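Here's the structure, in structure tokens; my notes come after.
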Amino acid sequence: MEDIEHIVKKLKLIDENGVRLDGRRFDELRPIRIEAGILKKADGSAYIEWGNNRVLAAVYGPREAHPRHRQDPAKALVQCRYNMAPFSVTDRKRPGPDRRSVEISKVISEAFERVVFTEQFPRTSVDIFIEVLQADAGTRCAGLTAASVALADAGIPMRDLVASCASGKIGGVVCLDLNKDEDNFGEADCPMAIVHRTGEIVLLQMDGHLTQEEFHKAMDLSTEAAKRIYELQREALLRRYASVAEDMEEPRGGVPEPPAGVDEL
Amino acid sequence: MTEVIPELMREHIHRLAASGKRTDGRAFDETRKLVIEKNYIKTAEGSARVRLGNTDVLVGVKIDVGEPYPDTPNSGVLSTSAELIPMASPSFEAGPPSPVAIEVARVVDRGIRETKTVNLEKLCITPKEKVWIMFIDIHALDYDGNLFDAASYGAVAALSCAKVPASKLGQKDYRLPMEHWPISVTSAKIGDTIVVDPNLDEERIANARLTVATDENGDLRAMQKGLRGSFRWDEVRKVIETSERVGRVIREAIRA
Chain A
0 MEDIEHIVKK
10 LKLIDENGVR
20 LDGRRFDELR
30 PIRIEAGILK
40 KADGSAYIEW
50 GNNRVLAAVY
60 GPREAHPRHR
70 QDPAKALVQC
80 RYNMAPFSVT
90 DRKRPGPDRR
100 SVEISKVISE
110 AFERVVFTEQ
120 FPRTSVDIFI
130 EVLQADAGTR
140 CAGLTAASVA
150 LADAGIPMRD
160 LVASCASGKI
170 GGVVCLDLNK
180 DEDNFGEADC
190 PMAIVHRTGE
200 IVLLQMDGHL
210 TQEEFHKAMD
220 LSTEAAKRIY
230 ELQREALLRR
240 YASVAEDMEE
250 PRGGVPEPPA
260 GVDEL
Chain B
0 MTEVIPELMR
10 EHIHRLAASG
20 KRTDGRAFDE
30 TRKLVIEKNY
40 IKTAEGSARV
50 RLGNTDVLVG
60 VKIDVGEPYP
70 DTPNSGVLST
80 SAELIPMASP
90 SFEAGPPSPV
100 AIEVARVVDR
110 GIRETKTVNL
120 EKLCITPKEK
130 VWIMFIDIHA
140 LDYDGNLFDA
150 ASYGAVAALS
160 CAKVPASKLG
170 QKDYRLPMEH
180 WPISVTSAKI
190 GDTIVVDPNL
200 DEERIANARL
210 TVATDENGDL
220 RAMQKGLRGS
230 FRWDEVRKVI
240 ETSERVGRVI
250 REAIRA
């Protein structure tokens, strides 16, 4: 592992023209691509590429909650498991839950509990699995954004989609959507998630150093970006179900063709 | 089992809140009585017992010689854990740390780390080989709500009286170099009312929780939203302002 204490003193994260190491401006998102419904077994799924982040999300349920003593006779549980693949980071991550992923799983579960109509499915569990395949900072936001699409793909009744994004501060400038170098060597990072229709904040975390003014500026950036991310989520779902609708159209005579994307054996 | 009492309590607390009151007679932005006993444990390098109302937390700091992380060869190491032992509440279970315990430890850790409370670079003995390692252990003894703040005050107080055991290396023991004083203040949203330092009854019926750690300048160092509800931006703004204001008073109490 490199000695970051020395690198940090040399590195210039944002130049005098306001251009970041990867060429972005302060208010630019990395390229984001979302695809809905890419796993066969799961009730709903989504894949997201967000800069160099690559994250899968799958949803099972509502199904009988396990362990049983955790069942709630009044509503469904929303249980998220955020997990990083050992090869998703530069230094191999030991498999299994660590403290960081337990915390992230908890805050993402709580965020979705706000939007899922849990009271419709007592004693059940809506299980969300987020698998980070390749990480470049902002994986919880990417995972949450994908999981939201996966929930919709699973047909789970929800108040709205949740879009998530982070902002922070690098080289003294408040910037949107930090990548790994910016997160490691920057001054602050602040992920949030917002319900599009109501503007409710369902996830909010922060670490680093921001004045109150800087914090509000960062959150304005994230709020605007979340609107664009919401559109990408919607488009992914539309694409998915437009193609399903085509497949379902009755073929005139003859054997129905297999749906697109299913390999013939 | 659905908890009958909290359901009754819920109505009661909501009704009180609507008329500007709380179950224990506090104002919405009033914390419970804070009592801090520093150096409570002789076997620890630093310690503090904190009572925040009826919430009782003991925090110990152990400091020992160890190896630095390879990516920060010139810095000491800080590590925070929390144990929510079954003695403290009927809802706590024995066993490996629960997600709640992990969240408490990580939020406390974040406040202390991001504020650079202790200058870790001053805890280097031999670069790449030997540094001082600080373990902050949070022990909940009696749980009546708002562990986040009680644990955080305990951790800051315990660090502030901790001694680096340099006599182990044939030098003189010295005080841990405290440079900043992060104060975390937690608010809970009950219906449309926001109260600071929720007690257990309030915490159980709250829709959402927001912990904000500020420094001496009122700058933000760590934040964590919790529970299944949500906040609007204007509420977040208000919570931050309250946290800064309330935090100033608490900081003086801990420094004293």
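In order, the protein sequences belong to chains A and B.
Residues 0 to 264, numbered by numbering that gives the first Met the number 0, are exactly what the first sequence covers, in order.
Residues 0 to 255, numbered by numbering that gives the first Met the number 0, are exactly what the second sequence covers, in order.
Glycine is no exception: its CB is placed at the ideal position from the N, C-alpha and C atoms.
Computed from a prediction, not measured in an experiment: that's the story for all the values here.
Query, Result
"N-terminal and C-terminal residue of the alpha helix (DSSP H) that W49 of chain A is part of", "It is not in any alpha helix (DSSP H) - W49 of chain A instead sits in the beta strand (DSSP E) that spans G43 to W49."
"Option nearest Q78 of chain A by Cα separation, candidates A:A145, A:F214, A:A225 and A:I127", "A:I127"
"Beta-carbon proximity check, R99 of chain A vs D152 of chain A, cutoff 8 Å", "no"
"CB contact below 8 Å: P5 of chain B versus chain A", "no"
"Beta-carbon gap between L226 of chain B and E109 of chain A smaller than 8 Å", "yes"
"K129 of chain B versus R158 of chain A - alpha carbon distance", "54 Å"
"Start-to-end residues for the alpha helix (DSSP H) that takes in P98 of chain B", "P98 to E113"
"V201 of chain A to V161 of chain A span [Cα, whole Å]", "8 Å"
"Contact with chain B by M205 of chain A, beta-carbon distance below 8 Å", "yes"
"K40 of chain A CB to nearest heavy atom of the ligand GTP below 7 Å", "The ligand GTP is absent from the structure shown, which contains no ligand whatsoever."
"Any 3 or more C-beta pairs closer than 8 Å across the stretch 177 to 197 of chain B and the stretch 147 to 158 of chain B", "yes"
"Segment contact, 8 Å Cβ cut-off, at least three pairs: the stretch 124 to 141 of chain A with the stretch 54 to 62 of chain A", "yes"
"Residue from A:F184, A:K105 and A:R93 whose Cα sits closest to the Cα of Y81 of chain A", "A:K105"
"Cβ of G94 of chain B within 8 Å of any chain A Cβ", "no"
"Selected residue, minimal CA-CA separation from G36 of chain A, among A:P96, A:Q119 and A:L150", "A:L150"
"Own chain, CB closer than 7 Å to A93 of chain B, minus 5 neighbours either side, in chain order", "P85"
"Closer than 8 Å to chain A by CB, E113 of chain B", "yes"
"Three-way DSSP call (helix, strand, coil) for L264 of chain A in this model", "Model confidence at L264 of chain A stands at a pLDDT of 47, short of 50, so the residue's coordinates are unreliable; what they give is reported in the following sentence. L264 of chain A falls in the coil class under three-state DSSP."
"Rounded separation between N53 of chain B and R231 of chain B - CA only", "31 Å"
"Under 8 Å between C-beta atoms of C164 of chain A and I228 of chain A", "yes"
"Partner residues on chain A for D257 of chain B, Cβ-Cβ distance less than 8 Å", "Any property of residue 257 of chain B remains undetermined from this structure, which presents chain B solely from 0 to 255."
"Contacting residues, own chain, Cβ-Cβ under 8 Å from K171 of chain B (five flanking each side not counted)", "A165"
"M133 of chain B to P176 of chain B span [Cα, whole Å]", "12 Å"
"Contacts that M8 of chain B makes with chain A (C-beta to C-beta distance below 8 Å)", "Simply none; closest approach about 16 Å."
"Beta-carbon contacts of Q119 of chain A that lie in its chain and below 7 Å, excluding the five residues immediately before and after", "P156"
"Inter-residue spacing [alpha-carbon to alpha-carbon] between G110 of chain B and M8 of chain B", "32 Å"
"Residue-chain proximity (R98 of chain A, chain B), Cβ-Cβ < 8 Å", "yes"
"Below-8 Å beta-carbon distance, L143 of chain A vs any chain B residue", "no"
"Buried versus exposed, by CB contacts within 10 Å (16 or more), T138 of chain A", "buried"
"Within chain A, partners of F230 of chain B - CB distance below 8 Å", "E199, I200 and L203"
"Exposure of K226 of chain A, with buried meaning 16 or more beta-carbon neighbours within 10 Å", "exposed"
"Three-state class that DSSP yields for R23 of chain A in the structure shown", "coil"
"Residues of its chain near Q211 of chain A, where Cβ-Cβ distance is below 8 Å and the 5 sequence neighbours each way are ignored", "none"
"Residues of its chain near L55 of chain A, where Cβ-Cβ distance is below 6 Å and the 5 sequence neighbours each way are ignored", "Y46 and E130"
"Local conformation of E223 of chain B per DSSP, three classes", "Note on residue identity: the sequence assigns Gln, not Glu, to residue 223 of chain B. If DSSP states are grouped into helix, strand and coil, Q223 of chain B belongs with the strands."
"Contacts of R223 of chain B in chain A (Cβ-Cβ under 7 Å)", "The question names Arg, but residue 223 of chain B in the sequence shown is Gln. Here the neighbours are Q204."
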